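J.: Mind having a look at this structure? Questions to follow.
Protein chains: 2
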Amino acid sequence: MAMGSPRIVVIGGGFAGTTAARHLLRRHRDMSVLLVSQENYFVYQPLLPEVVGGAIHALDTVAPLREMLPGAELRAASVRTVDLTQRWIEVVEGSAGRVERLAYDHLVLAMGLVADLSRYPGLEEHGFTVKDAAEAYALRNHVIGCLEQAAIMGDESHRKRLLTFVVVGGGYSGIEVLGEMHELVRRALPFYPTLHATAPRFVLVEYQNAILPEVPQDLAHYAHRVLHGRGIEFMLGHGVKAAAATALELDDGTIIDTMTVVATIGNGPTPLARELGLKMEHGRIVTEPDMRVPDFDNVWAIGDAASTPLARSDRPAPPTAQAAVREGEILAANILAAMDGRPTQPLTFKSRGAFASLGGRRAVALVFGLRLSGLSAWLLWLVAYAAMLPTWSTRIRVTLERLLDLALPRSVTRTRMGGVAPSRYVRHRAGDVVLSPGQLGDGVHLVIEGSYEQAAPEGAGKVFLPGDSFGQAEIAAGMPHKRFVRAREPSRCFILGREEYLNIQEALRQARERLPAGQGAAGSAAIPSEG
Amino acid sequence: MAMGSPRIVVIGGGFAGTTAARHLLRRHRDMSVLLVSQENYFVYQPLLPEVVGGAIHALDTVAPLREMLPGAELRAASVRTVDLTQRWIEVVEGSAGRVERLAYDHLVLAMGLVADLSRYPGLEEHGFTVKDAAEAYALRNHVIGCLEQAAIMGDESHRKRLLTFVVVGGGYSGIEVLGEMHELVRRALPFYPTLHATAPRFVLVEYQNAILPEVPQDLAHYAHRVLHGRGIEFMLGHGVKAAAATALELDDGTIIDTMTVVATIGNGPTPLARELGLKMEHGRIVTEPDMRVPDFDNVWAIGDAASTPLARSDRPAPPTAQAAVREGEILAANILAAMDGRPTQPLTFKSRGAFASLGGRRAVALVFGLRLSGLSAWLLWLVAYAAMLPTWSTRIRVTLERLLDLALPRSVTRTRMGGVAPSRYVRHRAGDVVLSPGQLGDGVHLVIEGSYEQAAPEGAGKVFLPGDSFGQAEIAAGMPHKRFVRAREPSRCFILGREEYLNIQEALRQARERLPAGQGAAGSAAIPSEG
């Protein structure tokens, strides 16, 4: 990093942020460009559906920012505060949460959007999102886990539920994830002989009456035909009402019993973007045509996080990778122009086309007006994606894996590498069984809303209300539950995982054991005590 | 699974268990073989050092048991109880912890050994082990994390500490992990320009006066020369005294400042093996020469979990993959012989050779008495391992990755897929800094042993004793610490991670908010309350 030279800070390591940084360095060698990203890698999101399907390795969809951006200064950190008037940002780094203040001359806001499922009750708790490699891999593991459980499940209705997979949202990512999940299950089932009797069920729920609004109708129809031909159910014109642990409810009251709901709808601004107090439109920061943030001559916004008006169009630039790359390029030119006092140029953008893979060597493609479908589109998609990948390493590895996948079986290994959340929220519908006899239980349940009832031989049993919790006795003793616990009404609880609960109890036991005589364990109130 | 036919239950999905199951099915098609394994995959442990080095994908070191063992019944479950007289086992399955009892006619104990670092204070808390794919990948992520932190670390001494990597144990796995870690750092450093000034440090600590006892002296010397030539320090004839968050102490008082201690020493029986009450030797279940457990005609033990006397040898069969495979083969024959009332055969075993990769295209090999070292040994190792891999899929993928690794850079991406432990124990030496001004802190600290002191401007500050906790106020407020917190003496505390602590507090807040009037939150005592 060159001293004295103007410092440009880019927040966000996606398509927009990395393109901007690369072009700034390319046009101006001794410029000081600092890129701040939560992770130290770039995620090639278009590949994530294939990670869900197990066709390619999660790690081959990501590329190290340090490899992509030689010459840039990189911080794997989260941004805590931005002071647009004082011209600095504050970042939090490392496991110890080191806070550091960094000054800038120009600031580029390219933090993208985050999944926001809050509009749909239960979807935040039970909807899978596919925003990064870890999430995609976790969903894949969950699907395999459903097969494993179903394979040893006696109860027919629950087995069917485990084998029902629902995707909400009929855009690209919804259709691609659906196609890949179907492919994964289709190719995994032969390894589960006990499941040959039960056919898996796949459902697409889309609020509009058509899928793939991004491509011409005939291609969308082709995609619909192909997926329908594989037995996938389409519930078009249906919205989501609510999700719970064991079912998805649609706005017309339809109940789909499932353990797997993938939500590809609902994006919102990052917490940081909210706090900036800038003018927003549909959760995106409104900019001038040159991507400058109004009232600031040194603050810019690009990518999904920004809403930039397009010349000769009533719509802002679309939230696509193509547009983000274009914005990054022009932004670099504009920042340099602004520094030299030259006029900036407005954003112009024209889509070069669109792809949607359907899994099973089928895709639809619209490239420079040319319409393709089927195997030819899939091959074009294969090549095009490889070309768009960020590094040679990922290009070669991804292409090889896709070709190997044509010949080799898909793996059904389920590792703990997806990372198991130690705690989570769960919603139940009235009557849902939360704990069954013979189960150790998955954790301590703290009731947040509604109420639960423990079945008793003589009828009405113990009731748990908000603030109450249950399950700890059985976990502490390592003894299975003897009775059913059911939700009495639509309810919500917080589950602290079995293992984590036991770890915490053990720590408290050890601390108490060593309490100095006459010393109270004041602080330990900050950590769980036995119930 | 064939009804009525005798049911054989195998506990453990390693080399021994999978070989036994495969040969049982091969020799007797309609036999009912049930294999119970914690995971639904087989781990090819010899590849794990390369996962640490980032040369191959963690997921390519594992193969699905369902793919390896068609015809076997598989349970991804943990064994809770074994009743050797009633002839059943009890397993726990799935996230809900479903408990199920399974009867057997013959039982095969092949659960292997687990890492047991309890003999070395602090090593359980701060020693990395490399027993499965997730652990290997977590260690790789940790190494990259050390580079990321060092790259932005102002404090010279802490930067040195972050760049010091220690391996304890000079056997195969210790040497291989050491070589691969060195290779990873060597190839990653070019991406960290700010680190060009500081040279990384690698140390091997071995209690014996030589490394690689498994191979002939001249090969061991070669390995020593090669690694020494790379600047790796050898501390031979040194034992570990204790480990702490920021240092490793040796038995002669030597202190090595480091954040990375890999422990390849110390194996012990699984909790299950302990509970069986069978005769053990060095933590392994003693068997008859035919691998039968004394006093039981239908219980057998093989693999690392077993200690089986060898004909014409004063030593039991070694705990190696080769021996485990051999044992699995003979066991299958013996179980069938026992069923038919034929005599069983005693275990015989002769090692076919040994390999140790040194990273950087160097290895030592002893094959059928032939001694090789350097590139030729490495090439032989490449081919031999590929041949020994469990499925065609892994053979092809691993070989391809190893070849790609010769040409492509190693990735420095650090994903959260390793899984971050929500809570952990940490040991500190007297004077160790636990929290510094400007840090949010990594979590709530509950003091277990010793004591900590918060520095105060006017000298002696607040003291935290066992049962006390600190850090929650700053985390709750999201404000960085203003003062140092140091260990006053050798101390130990339990850290509940920042994110997890906040999740739990938020859940409690929501529960309280909805408390029915006049209702006490009895149960919530089971989950943390604000400190």
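Residue numbers (our numbering), protein chains in the order written: chain A, 194 to 724; chain B, 194 to 724. Where a beta carbon is used, it is the ideal one built from N, C-alpha and C, also for glycine. Quantities reported herein were computed from a predicted structural model and do not represent experimental measurements.
How many angstroms separate the CA atom of residue 377 of chain A from the CA atom of residue 697 of chain B?
T.: The alpha-carbon atoms of residue 377 of chain A and residue 697 of chain B are separated by roughly 35 Å.
J.: I want to know whether the region 511-521 of chain B touches the region 325-337 of chain B - three or more CB-CB distances under 8 Å.
T.: No: the two stretches stay apart, fewer than three of their Cβ pairs being nearer than 8 Å.
J.: Enumerate in chain order the residues of its own chain whose CB-to-CB distance from residue 607 of chain B is below 8 Å, with the five nearest sequence positions on each side excluded.
T.: 334, 337, 338 and 341, listed in sequence order.
J.: So is residue 649 of chain B buried or exposed if we call it buried at 16+ other beta carbons inside 10 Å?
T.: Exposed, since its Cβ has fewer than 16 Cβ neighbours within 10 Å.
J.: With DSSP as the reference, label residue 280 of chain B as helix, strand or coil.
T.: In this structure, residue 280 of chain B counts as coil in the three-state DSSP scheme.
J.: Could you please give the first and the last residue of the uninterrupted beta strand (DSSP E) stretch that includes residue 346 of chain B?
T.: Neither: residue 346 of chain B is in no beta strand (DSSP E) and is coded neither H nor E.
J.: On the CB-based measure, 16 or more other CB atoms within 10 Å of its CB, does residue 424 of chain B come out buried or exposed?
T.: It is exposed - the Cβ of residue 424 of chain B has fewer than 16 other Cβ atoms within 10 Å.
J.: Using the Cα positions of residue 530 of chain B and residue 536 of chain B, report the straight-line distance between them to the nearest angstrom.
T.: Roughly 6 Å separates the two Cα atoms.
J.: Take the Cβ of residue 258 of chain B as the centre, count every other Cβ of all protein chains shown within 10 Å, and call the residue buried at 16 or more, exposed below.
T.: Counting Cβ neighbours within 10 Å, residue 258 of chain B comes out buried, since at least 16 surround it.
J.: Going along chain B in order, which residues have a C-beta closer than 7 Å to the C-beta of residue 250 of chain A?
T.: Per Cβ cutoff of 7 Å: 250 and 252.
J.: With a 10 Å radius around its C-beta and 16 neighbouring C-beta atoms as the bar for buried, classify residue 585 of chain A as buried or exposed.
T.: So residue 585 of chain A ends up on the exposed side.
J.: Taking buried to mean at least 16 other C-beta atoms within 10 Å of its own C-beta, is residue 411 of chain A buried or exposed?
T.: So residue 411 of chain A counts as exposed.
J.: Could you check whether the region 591-609 of chain A touches the region 269-280 of chain A, counting it as contact only if at least three pairs of C-beta atoms, one from each stretch, sit closer than 8 Å?
T.: Cβ pair count under 8 Å is below three, so no.
J.: For residue 311 of chain A, does the count of other Cβ atoms within 10 angstroms reach 16, so buried, or fall short, so exposed?
T.: It counts as exposed.
J.: Tell me, please, whether the CB atom of residue 318 of chain A is closer than 8 Å to any CB atom in chain B?
T.: Output row for residue 318 of chain A: interface = no.
J.: When burial is assigned at 16 or more other CB atoms within 10 Å of the CB, is residue 542 of chain B buried or exposed?
T.: With 16 or more Cβ atoms within 10 Å of its Cβ, residue 542 of chain B is classed as buried.
J.: With a 10 Å radius around its C-beta and 16 neighbouring C-beta atoms as the bar for buried, classify residue 493 of chain A as buried or exposed.
T.: Flag for residue 493 of chain A reads buried.
J.: Based on the DSSP secondary-structure assignment, which residues constitute the bridge partners of residue 473 of chain A?
T.: Answer is A:478, bridged to residue 473 of chain A.
J.: Strictly below 7 Å CB to CB, what residues from chain A border residue 288 of chain B?
T.: By Cβ distance, chain A contributes 635.
J.: What does a CB cutoff of less than 7 Å around residue 244 of chain B pick up in its chain, not counting 5 residues either side in sequence?
T.: 251, 254, 326, 329, 330 and 333, listed in sequence order.
J.: Can you have a look at residue 561 of chain B and say buried or exposed, based on whether 16 or more other CB atoms are within 10 angstroms of its CB?
T.: By the 10 Å Cβ count, residue 561 of chain B comes out exposed.
J.: Under 9 Å Cβ-Cβ, which residues of chain A neighbour residue 607 of chain B?
T.: Here the neighbours are 232, 233, 234, 257 and 269.
J.: Measure how close the beta-carbons of residue 206 of chain B and residue 496 of chain B come, nearest whole angstrom, since I'm counting them as under 8 Å.
T.: The Cβ separation is near 11 Å, so there is no contact.
J.: Show which residues of chain A have a CB atom less than 8 Å away from the CB atom of residue 583 of chain B.
T.: In chain order: nothing, as chain A lies at least about 11 Å away.
J.: Hey, is the region 630-645 of chain B in contact with the region 680-687 of chain B, meaning 3+ C-beta pairs nearer than 8 Å?
T.: Touching, per the Cβ criterion.
J.: Please determine, among B:477, B:262, B:602 and B:508, the residue with the shortest C-alpha to C-alpha distance to residue 383 of chain B.
T.: It is B:602 whose Cα lies nearest to the Cα of residue 383 of chain B.
J.: Would residue 200 of chain B and residue 229 of chain B be called neighbours here (beta carbons separated by less than 8 Å)?
T.: No.
J.: Taking only beta-carbon positions, decide if residue 148 of chain A is within less than 8 Å of chain B.
T.: The requested residue 148 of chain A does not occur in the structure, where chain A is confined to residues 194 to 724.
J.: According to the neighbour-count rule (16 or more other Cβ atoms, all chains shown, within 10 Å of its Cβ), is residue 510 of chain B buried or exposed?
T.: By the 10 Å Cβ count, residue 510 of chain B comes out buried.
J.: Does residue 640 of chain A get closer than 8 Å to chain B when you measure Cβ to Cβ?
T.: Output row for residue 640 of chain A: interface = yes.
J.: Using beta-carbon positions only, say whether residue 305 of chain A and residue 498 of chain A come within less than 8 Å of one another.
T.: Yes, they are a contact pair.
J.: Rounded to the nearest angstrom, what separates residue 719 of chain A and residue 264 of chain B at their Cα positions?
T.: Its pLDDT being 49, under 50, residue 719 of chain A is placed unreliably in this model, and the coordinates cannot settle the point.
J.: Under 7 Å Cβ-Cβ, which residues of chain B neighbour residue 631 of chain A?
T.: Within 7 Å Cβ-Cβ: 291 and 292.
J.: Quick check on DSSP: helix, strand or coil for residue 321 of chain B?
T.: It is a strand residue.
J.: Would you mind giving the Cβ-Cβ distance between residue 394 of chain B and residue 356 of chain B, rounded to the nearest angstrom? I have them listed as a contact below 8 Å.
T.: Correct: roughly 6 Å between the Cβ atoms.
J.: Can you find at least 3 beta carbon pairs, one from the region 580-598 of chain A and one from the region 548-556 of chain A, that sit closer than 8 Å?
T.: Contact between the region 580-598 of chain A and the region 548-556 of chain A is absent, because fewer than three Cβ pairs lie under 8 Å.
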